[in-house]
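Everything below concerns the one structure shown next.
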RNA sequence: GCGGCGAUGGUCUAGUGGUAGGACCUGAGCCUUCCAAGCUCAUGGCCCGGGUUCAAAUCCCGGUCGCCGCACCA
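Residue numbers (my numbering): 16 to 604.
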C-alpha cells in the first residue's frame, strides 16, 4: 500500500461519512478551509474535551475564550506585524519566489533583514548585486512584494482602526494577562488555556486538514516564576519519550532515542524542566486519544527554525504515512519555553502592568540612589529638553551612582550632552524597605493543533481487517478510543418486523436517557449495519432480537473483536459505561 | 505565487466533437433469526465563464479547485 492510497482512503471516508471535507464546494471550493461534518464535529469536540480534561482540569488551570479579532497594536507588540510579514521577490528568469530578507542576509553582512523597509530592501538587493539562489539571475530592479500571513480587517466604519484575525490563540491570553493575574490573586504559577480558531493566510495551503488557513488551536500558557516554580517532574519521571534532539538531527546517523523524562532532564537533552514535564504529560495523553506511539516522536527545533519568541522548542510529530511508505511527519504540537518575551513586549507597548508583584519572605532594606532634580533650574537652563534631562538623571542614578561623585554630572539625551551641577539634581542615597519586587513571569506553552490531531487520530486508527465471514472481504474500521467515538453505541433490531423495531427504539431511548450518544439503524442486513458503524468508529452495537422479546436481553457487540455478549436491557447503561471507561471488556461479560 | 498534470452521480470510475455508462453507497419493496447475501425498482453527474463549431462534457483561452515539484509553513 502506498502513502497515497492511505491518505486517499482517509479523505474518501472522511467525505463519504461526514468527518471532514472542503468548504464552499458549491462555489468552486476555497483552499485552506474545511468543514467538519456531523461525525467529524463530534469527534473534534470529544478530542477537545479529552484535552480539557488532561491539560485544564487535571492541571488545575483555567480556560478562557478571547475574540478572534484584535486591534493592530496587539500585533505590533507581539511581533507578528513584522515577524509575520514575508518579503517575497520573484526571479524574472526562473519564476522562483524567494524570501527577500533571507537572500539579503545570505549575501550581505546584514542580520535581521526582516525589520528593514521594503523599499530599502529593494535598494540593498540592487546595490549588492544579489542574484537568484536558484538560477543566478540578477534580481536588481525586481519588485519586493509584501506578504503578511495575517488576515487583515477593519474594525468599525472607515479604515482608521485596522484589526487582524489572530494568527495564534496565545495573544488572546497574553493581552488579558493583567486581568487574569487579578483573577489568580496575583499568585504564580497559574495556567490559562484556550481552545479556538486561529488564522493564517498561507500562500499555498495543501494537504487538507494538515495545513489550513483557519484552524483550531488548543493552547496552554503556563505562567511561572522561573526562580521558584518547578514542575511536578516526579509524576512523569518514568514516562518514556522518544526524543529526536537537534544534535541527533545534525548527525547523519542520528536516530531518535528513547529516554524516560527523568533521564532526559538529567542528561540535559531537554533543557527546560517545564518543557520536559509537559512532554511527559502529553505522551500519555496522545496514547489515550489513539495516536500510534510507534509512529510518534518529539523533535527539537533546530536553532535556525526557532520562532521569534521561543527560547527552546520541541515539536510532537506523528507519521501519518502508511506502514512501509516513506515517513510523512506532521507537527501536531509545539512545546515552547517562551520566556518572558510576550509579557515583556506587551508591557512595553501597552499601558497596563504585565508583571507580578512577588513578595519577599522578609522585607529587605536596600540603599538606593535617587534624584529629585530641581526643575526650576533645569527648566530655564534646558528649555524643552528639561523633562528628558530629568529622566536621564534618574536612569543614571540607578545605573551608576559614581557619576554623581563630581561637582557636575553629564547626561546624554538623544546624542546631546547636558552638564548639570550635582547640587541641582537632588541626588541622595537612601535606605528603603522593599517588600518584594515586580517580576515578569515566564511562559511555558504547549500548543496543540487540533485539526492535525484529528487527522492523525483518524489516520492512525483507520484499519482494514478481514473480520468478515468471507476472507476476501475487507472490513474498514476506525479503532477510535471509545472516549472519542462520535457515537458510543448503536442499536439495531435484528429484523425490522414483529415489533423488534419498536423494542429497539425503546432500548435506544433508554441509552440516550443515560447520556450516551446513540445511533439507530434498521436498514439493510445486520452485517451491513455493523459495517456502517465500524466505519465511523462506533465501539459498541446492541442488537434486539427475538430473545429480547422473551427474556429482555440483548447482544452487545464489540467493534474491534466483533465478539458478542448477551446482557439484560436493564443492565445496559451500566455495562456500556463500564465498557467505555475500560473497566470491563466484552470477554468479561 | 511559478511550472507540470488533472477535475464525469454521495463515493470510486469508463468514455466519445452528436448532451453519458458501470461499480459501490443511499432510498423503497420482497427475502433474510447476528457480521457489506440475493432479486425488483428508484434518486442522482460531465467544476465555472468565454471562444471555435450546425453541434462542446469532449477542442482552445481564462478562472476556481486538487495533486506533484519549487518557494512558503514565523
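Glycine included, every Cβ here is placed at the ideal spot set by N, Cα and C. Given the structure is predicted, the values throughout are model-derived calculations rather than measurements.
Figure out for me which residue from the options has the closest Cα to the Cα of residue i.
i: residue 214; options: 223, 236, 166 and 224; result: 166
i: residue 46; options: 375, 225, 32 and 412; result: 225
i: residue 208; options: 183, 227, 145 and 222; result: 183
i: residue 78; options: 68, 86 and 84; result: 68
i: residue 156; options: 144, 575 and 426; result: 144
i: residue 52; options: 171, 219, 32 and 466; result: 32
i: residue 306; options: 492, 366, 398 and 333; result: 333
i: residue 204; options: 371, 229 and 356; result: 371
i: residue 568; options: 452, 560 and 575; result: 560
i: residue 189; options: 472, 456 and 432; result: 456
i: residue 550; options: 531, 522 and 495; result: 495
i: residue 287; options: 54, 239, 303 and 383; result: 239
i: residue 83; options: 21, 137, 179 and 22; result: 179
i: residue 356; options: 210, 92 and 391; result: 92
i: residue 383; options: 444, 432 and 427; result: 444
i: residue 227; options: 50, 22 and 556; result: 50
i: residue 565; options: 402, 514, 197 and 539; result: 514
Quick one: give me the first and last residue of the beta strand (DSSP E) that residue i is part of.
i: residue 298; result: Residue 298 -> not in any beta strand (DSSP E); alpha helix (DSSP H) instead, spanning 288-303.
i: residue 580; result: 579-583
i: residue 504; result: 504-508
i: residue 154; result: Residue 154 -> no beta strand (DSSP E), and no H or E assigned at all.
i: residue 555; result: 555-559
i: residue 480; result: 477-480
i: residue 49; result: 49-51
i: residue 535; result: 533-535
i: residue 569; result: 568-573
i: residue 36; result: 35-37
Is the separation between the beta-carbon of residue i and that of residue j shorter than 8 Å?
i: residue 613; j: residue 81; result: Outside the displayed range of the chain (16 to 604) lies residue 613, so it cannot be described from this structure.
i: residue 588; j: residue 526; result: yes
i: residue 474; j: residue 154; result: no
i: residue 352; j: residue 327; result: yes
i: residue 170; j: residue 88; result: no
i: residue 294; j: residue 276; result: yes
i: residue 595; j: residue 563; result: no
i: residue 574; j: residue 554; result: yes
i: residue 504; j: residue 584; result: no
i: residue 380; j: residue 448; result: yes
i: residue 502; j: residue 532; result: yes
i: residue 440; j: residue 434; result: no
i: residue 451; j: residue 360; result: no
i: residue 480; j: residue 472; result: no
i: residue 313; j: residue 254; result: no
i: residue 279; j: residue 297; result: no
i: residue 386; j: residue 409; result: yes
i: residue 346; j: residue 48; result: no
i: residue 529; j: residue 506; result: no
i: residue 41; j: residue 35; result: no
Give me the DSSP bridge partner(s) of residue i.
i: residue 444; result: 384
i: residue 205; result: 238
i: residue 3; result: Residue 3 falls outside the range modelled here, since the chain spans only 16 to 604, and no answer is possible.
i: residue 374; result: 451
i: residue 143; result: Partner(s): none; residue 143 has no beta bridge.
i: residue 211; result: 232
i: residue 114; result: 103
i: residue 216; result: DSSP output for residue 216 lists no bridge partner at all.
i: residue 493; result: 477
i: residue 344; result: 334
i: residue 433; result: 426
i: residue 75; result: In DSSP, residue 75 forms no bridge with anything.
i: residue 357; result: Residue 357 is not bridged to any residue.
i: residue 315; result: 329
i: residue 273; result: 257
i: residue 165; result: DSSP, once it has assigned bridges, lists no residue as partnering residue 165.
Could you check where the alpha helix (DSSP H) with residue i kicks off and where it finishes?
i: residue 259; result: Run containing residue 259: none in the alpha helix (DSSP H); it sits in the beta strand (DSSP E), 255-259.
i: residue 180; result: Here residue 180 belongs to no alpha helix (DSSP H); instead the beta strand (DSSP E) covers 177-180.
i: residue 547; result: 541-550
i: residue 333; result: Not the alpha helix (DSSP H): residue 333 falls in the beta strand (DSSP E), residues 327-334.
i: residue 276; result: 276-281
i: residue 390; result: 390-397
i: residue 337; result: Residue 337 -> no alpha helix (DSSP H), and no H or E assigned at all.
i: residue 527; result: 515-528
i: residue 456; result: Taken as a continuous stretch (DSSP letters only), residue 456 belongs to no alpha helix (DSSP H), as it is neither H nor E.
i: residue 193; result: 192-198
Examine the ligand MN and report whether any of its heavy atoms sits within less than 7 Å of the Cβ of residue i.
i: residue 31; result: This structure simply doesn't include the ligand MN, nor any ligand for that matter.
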